[in-house]
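Protein chains in written order, with my numbering: chain A, 166 to 550; chain B, 13 to 504.
All C-beta atoms, glycine included, are put in the ideal place defined by N, C-alpha and C.
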Ligand code: SF4
Ligand code: SF4
């Protein structure tokens, strides 16, 4: 698992700043927004906002100069990555990794829901600095970035701030697909939808969870009264402005039983959705605490999953299964399974070493050690087609 | 369910907490129902949602005595048959579903049939319109008619336009088809519609030259195939008695040149067909078709008056339909992919939010607005059946003439508008209370021909009886026969 936060060896009295990592001097554009990653202390090029020393000599830095030894756990740092350094608290945060295909911007940790399985439990503290930091970071990201996520918390709580971020993406990353994870509730405000759609972002998708066709069942999962109605209104508003929508369903004890009915509800009522994502439970955050109540072995919900996937498929709605090991999925569902777990999260078991489909299997979240299906079993080569 | 813990002082609430406002106070949303059999009702709403309820459940539901903790209550909530205090998005969702279901209305006319010639090489007894004539000029469409027809067509706001060439035998006037295709394509450079050309033909006059032209212009072929050789040839006499041979050969050639799925076939059910459902389906399978459309013989024009159709009743046709459908499903379970189109149309209406463009199952009726016919002589008819009726001297559904009347004259004519407003099944006696209303339609030409009234008295209408029983059969299969339901669900 790749680390994205680290401590610097010492603190200096300076404002936090966001900068791009430069290794090759030919790549510098604006040194004031760049940090040189180097191992040559002798021939240090002046003018950069800061310096990270790969093989550091302990005495090279004084307490006031923006020169730090590269923390060992950030040895993956590379050309084009974007970091935020807080000199006073001595922290470095990797905001963007150029080589990763799974960059996302966590723009707030506040949320208006309190989902029983939330992997990133909400916090209440003011975290406006996140939006500001990303506004600085976006212009530094590579315009070749294929996809960029916006997550939370609930990003829509930023209101106009979200519109601002999206505008920055459109300006600086015109080729990049933007995927926003939101509970959709605040889009019940038609003016907010109008503002979002008026950006006319060329490649935007909103991923919005819907956990049941029955209002109180959905509200129970997200632990918010009236959330179902708000999300549905949000979906209809977004559809009205033709903002592309993906419906997301996390599968656990409280969502699998009516999954086929939910599928029917979606194709009937929300036929404008471009895609449906059915996702395995990530055992982080609240999911960990609530695991005894939420856990169901994926092998035990195959009938419901299969019925739902077949329904979507027959109704011409594109559907994918995420975060499921192939060996627990019905073979007929394999074509819908996506190898999705982010590069810094997935792991495999010893059993997987002799599995014929390991290369196509997403494996496990690091967090899955808490609870795994009882049906993990290497696939024989003959059964792998 | 084990209870959830308290985290950081915040309590997770259990399901009952969120359900506290649901139940007791449920209200009924608009619904229609009709008996499925002695014990069950089909319940639907205007947006097309469907559920089958036991008679007791139905009674409890309408008396507000239904147990709101029962699973069926949640099914009714989810399908927007009831509303309670926990959620009020149902009305918004019903509205968007109704809008989706009626979305084709906004596009207006999308199908334009050009009767390029009435001449035909066949002399089918059930055909009312064709002529055996050597005189091209008497029964071929004239150039001035063509020009006006194309102008008329592009007045329709529809983003998609289907141009179907009809006859007689349309290919006997292939030269005119070439001209129309060229002219329509030229106009479309500016109009920018999505245009699909279809030639309806018996394939007898098919040549390589014609096929090359079809390939160049992506023209789809639609032919007639009534079943195995003996049946087809009996239904479709032509000099030489070789109609079946010609159509089989034509289908093969068309597939070689245009691609396998660029040709489809339509079947007409005659009295002779009724006894051989399997042979008919087998013939379709043998010729590589994956769909068959069990159409009842239209009782129009000559056929009604001479009693030719009276040779079988709607109940005989229904027996034929049920048996054939059963056989088709049986073939599917054996891995032979073939489906019945009328059933598929109704399934789409029942199980998806989308409309179908099928003229006879629309409200208001599809005449004139789903499709319109330009006859060879410039007369404009509300449907193909309307022009057949006219051939018997009854011009009730003639909307005007391309040479003499403007687009507005035709589209705003009383003939069309009165018929449309009368045929909205939402308000037609008997349909207004019928559980099948959201999937059904009205066939004003048929009702006029049989009852001398465009709306018609439904208890005496074979159109009504046929649709009711077809829908009952489909719903019974979906409800009671999981294996058949599994197949039917793949026909969407
Ligand atoms: S054994 Fe491992 S690699 Fe194979 S399918 Fe299961 S989880 Fe995936
Ligand atoms: S025609 Fe008959 S089946 Fe159709 S809606 Fe009217 S009453 Fe019902």
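What residue 25(B) touches in chain A, judged by beta-carbon distance under 8 Å, is 385, 388, going in chain order.
Residue burial annotation: residue 125(B) is buried, with at least 16 other C-beta atoms found within 10 angstroms of its C-beta. Interface annotation, residue 109(B): in contact with chain A, CB-CB separation under 8 Å.
Taking a beta-carbon distance threshold of 8 Å, residue 397(A) counts as an interface residue toward chain B. Across the structure, residue 425(A) and residue 374(B) are spaced so that their CA atoms are roughly 30 Å apart. The region 114–130 of chain B makes contact with the region 373–389 of chain B: 3 or more CB pairs, one atom from each, lie closer than 8 Å. Under DSSP, no beta-bridge partner is assigned to residue 213(A).
Shortest gap from the CB of residue 470(B) to any heavy atom of ligand 2: under 7 Å. Considering only 347(A), 300(A), 265(A), 474(A), the residue with the shortest C-alpha distance to residue 421(A) is 474(A).
CA-to-CA, the gap between residue 515(A) and residue 186(A) works out to about 37 Å. Judged by beta-carbon spacing, residue 456(A) lies within the 8 Å limit of residue 448(A), meaning their Cβ atoms are closer than that value. The region 347–354 of chain B makes no contact with the region 434–444 of chain B; the number of CB pairs closer than 8 Å stays below 3. Residue 489(B) sits in a helix when the DSSP states are folded into three classes. By the criterion of at least three beta-carbon pairs nearer than 8 Å, the region 322–333 of chain A is in contact with the region 359–373 of chain A. Residue contact check for residue 37(B) against chain A: no CB pair falls below 8 Å. According to DSSP, residue 303(B) shares a beta bridge with 351(B).
Taking a contact to require three or more Cβ pairs closer than 8 Å, the region 249–261 of chain A and the region 489–504 of chain A do not qualify as touching. In the structure shown, residue 266(A) falls within a coil segment according to DSSP collapsed to helix, strand and coil.
Within 7 Å of the CB of residue 403(B), no CB atom of chain A is found; the nearest one sits about 41 Å away.
The beta strand (DSSP E) runs of length 3 or more contained entirely in the region 14–78 of chain B are, from start to end of the chain, 44–47, 52–56, 62–66. In this structure, residue 288(B) sits near residue 239(B), with a CB-CB distance shorter than 8 Å. Contact of residue 90(B) with chain A by beta-carbon distance below 7 Å involves 378, 379, 426, 430. DSSP places residue 444(A) in the strand class (E or B) of the three-state scheme. Considering only 247(A), 385(A), 324(A), the residue with the shortest C-alpha distance to residue 306(A) is 247(A). In terms of Cα proximity to residue 169(B), the closest of 159(B), 181(B), 117(B) is 117(B). In this structure, residue 322(A) sits away from residue 291(A), with a CB-CB distance that is not shorter than 8 Å. In the DSSP assignment, residue 191(B) falls within the unbroken alpha helix (DSSP H) covering 186–203.
For residue 371(A), the enclosing beta strand (DSSP E) covers residues 369–374. Classified as buried, residue 528(A) has 16 or more neighbouring CB atoms from the shown chains inside 10 Å of its CB. In this structure, ligand 2 has a non-hydrogen atom nearer than 7 Å to the beta-carbon of residue 476(B). Taken from the Cβ of residue 480(B), at least one heavy atom of ligand 2 lies inside 7 Å.
For residue 364(B), a Cβ of chain A is located within less than 8 Å of the residue's own Cβ. Among the residues facing chain A, residue 31(B) is included, as its CB has a counterpart in that chain under 8 Å away.
When Cβ-Cβ separations below 8 Å define contact, residue 354(A) makes no contact with chain B. Scanning its chain for C-beta atoms nearer than 8 Å, with the 5 sequence neighbours on each side dropped, one finds around residue 368(B) the residues 357, 360, 361, in chain order. If you look at residue 232(A), you'll find it in the beta strand (DSSP E) that goes 232–234.
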